[in-house]
Structure formats: structure tokens, C-alpha cells
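Written below as C-alpha cells is the structure these notes are about.
Numbering (the working numbering), first residue to last: 122 to 411.
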């Protein structure tokens, strides 16, 4: 299989409200886990946070989590273990950690954590002591990621979207109605998904008309009860819009006599070449207005 997303790092962000239907929450986790498996098959890596894995019902160990970070780690662990932690499974996930989060690893996850570090599947990115705010963690996530996928959540998801947009990185909000654990912001992914379907070009740089049309098929109502099929459609979409970007350094002063030749060279030679080898031109963009 062609590794369409080789070395591209995906961050999955969001949370669920404890008041949301348990069936919808379980569906969201099924979709996320299938997305992770399918993304690994096309060469993607991941960036996630180390969390305590809070549950919908804190008194029930079998209750689903209100966030998705351990879905990422668990599925990568299963994938790497099936491949006997071969070289292909090295550095599949970067985990943003703080001194506090390292103390809160769930007891049933410690062996998974140790084995993944031992075999080089997981690497950690440390935030300096005292810099534990959510804003700093989100800024670190953006620096290490190439694509943002969001489900539910609130103002934290909205802040991440602004950071990724300012960096010219694509964002895909999924409208699965899971709510938000904190019920803050303008509605998190619920708000972002409405904006996405109104102006997709602000979320995915250089998105084609064909992919804008295909994005309309990613709405939750088209896939209820079909988590595997939904995940496959999402990964196919990401594979087509998340291309490596190239930043050009070139003459911009149009008053100089050399400017027309430089402009012609980039438009007739450089841009067609990078397009032919599946790269895209990174241009300065205005941050997503939320």
C-alpha cells in the first residue's frame, strides 16, 4: 500500500459531554480508533497529550473516556505489538507531557506506556515546569503536528484551530454530536463544523472544488452506525488534502527589473514541479477568525 501520509503527524482533539447519549459517545470512540488504524496503514504518525483518561462514569472502569488521547496510544500499541515492535513502528506517536501528567498515568496503562517507550514507538515532548497552561500545551501540539482533526470539545479546540490555521495547516472538524466536557467557547467542533461547511477553504489551504464536494459526505448523519466506513471515508479525505508543504523564498519587489523573470520561473517551473511530486506551496494565510 502506498504510504500517502508518510511521516505526516495527525492530532485528534476534543471531548464529550457526560450528558451525551452513551451510544453516540461509543460511536465517536469507534470512529477514532478506526481512523487511527487506517491512518497508520498509510504511514501517518500522531501527536497527543498524556492525560489521566477521565471517564463518563468515574466509578465504572468500563465506562468510555470523555476524551480521545488514550484511544490514540492504545491503538498504536496494538498496531506496534502486532508488528513485534519492528523498525516500522519507531516513533509513531509524540506525546506532550508535563511533570503533573506523568504522575497521573492510569494504573492499567503503565505497562503499555513502559513497553512503548522501551521499544521506541512512543517519544515524549516535555513542557517546562511551571508552563502547564492549556494554551502552552496547544502551542506545542501545533508545532509538532501537520493536521488537526476535532470532535466535540470547546474553547480549547477553537484555540487549536486558530493556531493550525495561522500556520497554514489543514483542519477537519467532525460534526459527531458529542458535546463538550467543559461546555465552554462558542461550541467547539459543533461551531467549527458549521463554519467548515460554509467556508472550507479557510480550514484546508488550497482545497480543490472536487474535495469541497467530497467534504459534504463527511457529515455524521451520513454514517450513523457505520463507524468503520465513516473512518475510511475520513482517512481517504485526509490523504488527499494533507500534502507536504514547501515554503518559497523569492523576490517580491515588483519594481525591480528582475521581478517578471523570477515570477515567470516560479509559476512555470517551480510550482508545476512541486505539484507533480505531490507537494503544495505554503503561502502566508490570515488566521481563522472564530
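Using N, Cα and C, we set each Cβ at its ideal position, and we do this for glycine too. Quick caveat: nothing in here was measured; it's all calculated off a predicted structure.
Where residue i falls: helix, strand or coil (DSSP)
i: residue 288; result: coil
i: residue 172; result: coil
i: residue 108; result: Coverage of the chain is limited to positions 122 through 411, which leaves residue 108 absent and any answer about it impossible.
i: residue 269; result: strand
i: residue 166; result: strand
i: residue 130; result: strand
i: residue 142; result: coil
i: residue 277; result: helix
i: residue 301; result: coil
i: residue 122; result: Below a pLDDT of 50, predicted positions are generally treated as unreliable, and residue 122, at 45, falls in that range; the measurement from the model is reported next regardless. Correct three-state label for residue 122: coil.
i: residue 184; result: coil
i: residue 389; result: helix
i: residue 149; result: helix
i: residue 136; result: strand
i: residue 374; result: coil
i: residue 327; result: coil
i: residue 250; result: coil
Burial state of residue i (16 or more Cβ within 10 Å)
i: residue 256; result: exposed
i: residue 150; result: buried
i: residue 386; result: exposed
i: residue 369; result: exposed
i: residue 321; result: buried
i: residue 286; result: buried
i: residue 412; result: Past the boundaries of the shown model lies residue 412; the chain is included only from 122 to 411, so the question cannot be answered.
i: residue 393; result: exposed
i: residue 390; result: exposed
i: residue 251; result: exposed
i: residue 275; result: buried
i: residue 135; result: buried
i: residue 245; result: exposed
i: residue 122; result: Low local confidence applies: a pLDDT of 45 at residue 122 is under 50, so the model's placement there is unreliable, with the coordinate-based value given in what follows. When all chains shown are included, residue 122 counts as exposed.
i: residue 186; result: buried
i: residue 140; result: exposed
i: residue 133; result: buried
i: residue 316; result: buried
i: residue 307; result: exposed
i: residue 242; result: buried
Limits of the alpha helix (DSSP H) - the one that residue i falls within
i: residue 261; result: 255 to 265
i: residue 197; result: 190 to 203
i: residue 235; result: 231 to 239
i: residue 121; result: The first residue shown for the chain is 122 and the last is 411, placing residue 121 beyond what the model contains.
i: residue 313; result: 310 to 319
Boundaries (first-last residue) of the beta strand (DSSP E) holding residue i
i: residue 244; result: 243 to 247
i: residue 216; result: 214 to 218
Within-7 Å CB hit, residue i to chain C
i: residue 307; result: No chain C is present in this structure, which holds just one protein chain.
**Request:** Pair every Cβ in the segment 294 to 310 with every Cβ in the segment 202 to 219, then say whether three or more of these pairs are closer than 8 Å.
**Result:** no
**Prompt:** Are the segment 157 to 166 and the segment 125 to 140 in contact at 8 Å, needing three or more beta carbon pairs?
**Reply:** yes
**Message:** Could you tell me which whole alpha helix (DSSP H) segments of length 4 or greater appear in the segment 329 to 363?
**Reply:** 330 to 336 and 348 to 362
**Touch test, the segment 230 to 237 against the segment 278 to 296, Cβ-Cβ under 8 Å, three pairs minimum** = no
**Message:** Can you confirm whether the segment 175 to 183 touches the segment 374 to 390 when touching is taken to mean that 3 or more C-beta pairs between the two stretches lie within less than 8 Å?
**Reply:** no
**Prompt:** So, do the segment 235 to 243 and the segment 261 to 279 have three or more beta carbon pairs nearer to each other than 8 Å?
**Reply:** The answer is no - the segment 261 to 279 does not touch the segment 235 to 243, with fewer than three Cβ pairs under 8 Å.
**Prompt:** Do three or more CB pairs link the segment 289 to 298 to the segment 355 to 363 at distances below 8 Å?
**Reply:** yes
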